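Engineer: Under our numbering, the residue at position 388 of the sequence shown is numbered 388, and the numbers go up by one with no gaps.
Where a beta carbon is used, it is the ideal one built from N, C-alpha and C, also for glycine.
These numbers were taken from a predicted model, which means no experiment stands behind them.
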Amino acid sequence: MRGVADGAGVDLEDIILLNARYDLSHISNPSTTCDDPTRSLHQLTSEAEDKPYYPSYPRASSECTSAIILSEATGNGEVYTAQNWDMSDRLYKEDGIIYLEVHPHPSENLPSLFLVTEAGQLCRSGMNSDGLGLCANSLCSSIDAIPFSLDTGVGKGEMPAIPPSSALRRLFLESPSYADGLKRVARTPRHVSCNLMLTTADNMGICLEITPRIIFRISGSAGSDTPYILHSNHFKTQSFLCQSEIQDTLAGGSSWYRADRLEVGIRRKALIGFLTESDIMNAFKDHAGYPHSLCEHSARKATEGPFVQPGRPNPYSGSTCTVSCVIYNLTKRSIKVCKGPPCRGNFQEFALKRAFESSRLLGQQTHHALRRVGLPHPNDNSHLNDKFEAIQAPIYHHHA
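(1) Helix, strand or coil, according to DSSP, for A20 in the structure here?
(2) Could you tell me which uninterrupted alpha helix (DSSP H) segments, each at least 4 residues in length, are contained entirely in the stretch 165-239, listed from first to last along the chain?
(3) Taking only runs that begin and end inside the stretch 87-122, name each unbroken beta strand (DSSP E) of 3 or more residues, in chain order.
(4) Do T188 and L173 come within 7 Å of each other at the CB atom, strictly closer than that value?
(5) Using the beta-carbon count (16 or more within 10 Å), is K353 buried or exposed?
(6) Hey, D144 and V185: beta-carbon distance below 7 Å or not?
(7) Do L262 and L230 have their C-beta atoms closer together than 7 Å?
(8) Indicate whether A351 and S334 have their beta-carbon atoms separated by less than 7 Å.
(9) Hey, E78 and T331: beta-carbon distance below 7 Å or not?
(10) Strictly under 7 Å for the Cβ-Cβ distance: is A251 near chain D by that measure?
(11) So what's G3 in DSSP terms, helix, strand or just coil?
(12) DSSP three-state call for K285: helix, strand or coil?
(13) What is the residue span of the alpha helix (DSSP H) that A259 lies within?
(14) Go ahead and pull the three-state DSSP assignment for I162.
(15) Can you check DSSP and say which residues form a bridge with V337?
(16) Buried or exposed: A259, going by 16 or more other Cβ atoms within 10 Å of its Cβ?
(17) So which of T81, R2, N19 and M1 has the shortest CA-CA distance to M281?
(18) Please list, in chain order, all residues of the same chain as M87 whose beta carbon is under 7 Å from its beta carbon, the five residues on each side excluded.
(19) Mapping the DSSP letters down to three states, classify I69 as helix, strand or coil.
(20) Candidates K269, L134 and L115: which alpha carbon is nearest C338's?
(21) What's the C-alpha gap between D23 and I68?
(22) Taking N128 as part of the beta strand (DSSP E), name the residues at either end of that continuous run.
(23) When the Cα atoms are used, what is the spatial distance from E108 to L70?
(24) Could you spell out where the beta strand (DSSP E) holding G133 opens and where it closes?
(25) Compute the Euclidean distance between the alpha carbons of L110 and M127, then round it to the nearest angstrom.
(26) Output the distance between the C-alpha atoms of A355 and D180, rounded to the nearest integer angstrom.
(27) Any idea which residues DSSP pairs L12 with across the strands?
(28) Between the alpha carbons of P106 and A288, how many angstroms are there, rounded?
(29) For T211 versus I162, is the C-beta distance shorter than 7 Å?
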């Protein structure tokens with residue numbers, strides 16, 4: 001973020017705030033703030049559970065539909081992750097959607113990245129040169145909370161470091177392996193809910209429904225009943241639906257049918273192993289429920305509705321649309337992406353190749369040599385995992 005700020009000639013705080021857009025937009029109940037920042041995140045979210053929750057009507061219920069598609073579904077045996085990203089149509093009309101190809105310096109010992117994101121943000125979705133892919137969808141739960149007092153700020157004591165969600169997504173894609181990436185996601189503290197679709201070219205995918213306290217998951221791999229996982233913006237794991245401590249606070253909306261419509265477009269061919277990249281692209285162009293369809297088109301949302309809490313303002317009532325459609329081929333390390341609704345978008349194709357491979361291998365050798373003599377590599381953050389252990393979220397599992 002400091003590099004983005006320096007390059008744009010703006011204050012670092014502005015870039016941090018921009019990257020925290022998702023996190024800030026999911027907080028609307030000041031009763032869940034923490035007056036004593038020395039209390040743990042677990043204590044804070046436990047208190048939030050005991051307070052009334054109000055569905056956030058209907059803002060985040062139209063923000064992304066994603067897919068993990070395993071090799072058993074495809075005619076060429078390739079692995080994909082893909083997404084329609086729905087957001088304020090200003091991002092599309094004002095050209096705020098950008099594609100980033102990132103090749104870190106060899107000394108950083110990091111994979112190359114291709115990212116689709118908002119200008120100034122670290123990551124919305126992406127893939128790396130090692131075959132890891134990530135798509136993200138909004139979720140809201142009754143234990144999403146502000147981790148400090150609105151009146152006094154951080155105040156006395158020390159809170160655990162809570163990075164914005166965009167940083168967590170980038171952290172996964174910079175991981176040296178799928179296992180390490182999953183560890184980073186599980187151990188990084190958070191104060192709002194989100195859904196991450198995490199895939200590897202090794203033909204595995206995991207859908208994580210993440211809350212501040214618990215992670216609910218669906219796994220997909222060779223031998224799964226269905227060779228794909230689909231998700232939109234409401235909780236759907238059986239382990240979540242079988243509990244009552246945490247509530248899904250999205251009040252209906254297109255999230256309840258968008259993933260179903262995506263399945264209509266891919267299921268028949270996927271189950272017999274003949275799904276193609278063109279089939280995936282066409283499935284994302286579905287217009288059932290237009291304009292709030294899987295392929296969403298600009299339409300202003302109602303500013304009033306059957307609020308559970310009378311007088312509660314709609315957090316976002318502007319016009320929304322699909323601002324980008326992207327298909328990541330993790331096997332070939334290729335990307336097809338367009339800006340705007342996919343039914344009329346101009347798809348471009350990119351190939352992600354790892355830059356500076358020989359230099360990166362040299363960097364790995366330097367890293368191992370430093371570790372052998374007890375010295376940390378300048379970019380080694382593994383010691384940070386220890387500070388997150390105490391607030392690691394439990395994980396509930398459900399097979400696809």
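Structural biologist: This is what the structure holds:
(1) coil
(2) Segments of the alpha helix (DSSP H) lying fully in the stretch 165-239: 165-173 and 178-187.
(3) Taking only runs of at least 3 residues, the beta strand (DSSP E) segments lying wholly in the stretch 87-122 are 97-102 and 113-118.
(4) no
(5) Exposed, by the Cβ-count rule.
(6) Between D144 and V185, the C-beta spacing is not below 7 Å.
(7) yes
(8) A distance below 7 Å separates the beta carbons of A351 and S334.
(9) yes
(10) Note that chain D does not occur in the displayed structure, where there is just one protein chain.
(11) helix
(12) coil
(13) Per DSSP, the unbroken alpha helix (DSSP H) holding A259 starts and ends at S255 to L271.
(14) Here I162 sits in coil by DSSP.
(15) V326 and Q348
(16) buried
(17) T81
(18) So the list reads E63, T320 and V323, once near-sequence residues are dropped.
(19) Strand, per DSSP.
(20) If we check each option's Cα against that of C338, L115 comes out closest.
(21) 24 Å
(22) S125 to N128
(23) In this structure, the CA atom of E108 is about 31 Å from the CA atom of L70.
(24) L132 to S138
(25) 13 Å
(26) One alpha carbon belongs to A355, the other to D180, and they sit about 22 Å apart.
(27) DSSP lists no partner for L12.
(28) 47 Å
(29) no
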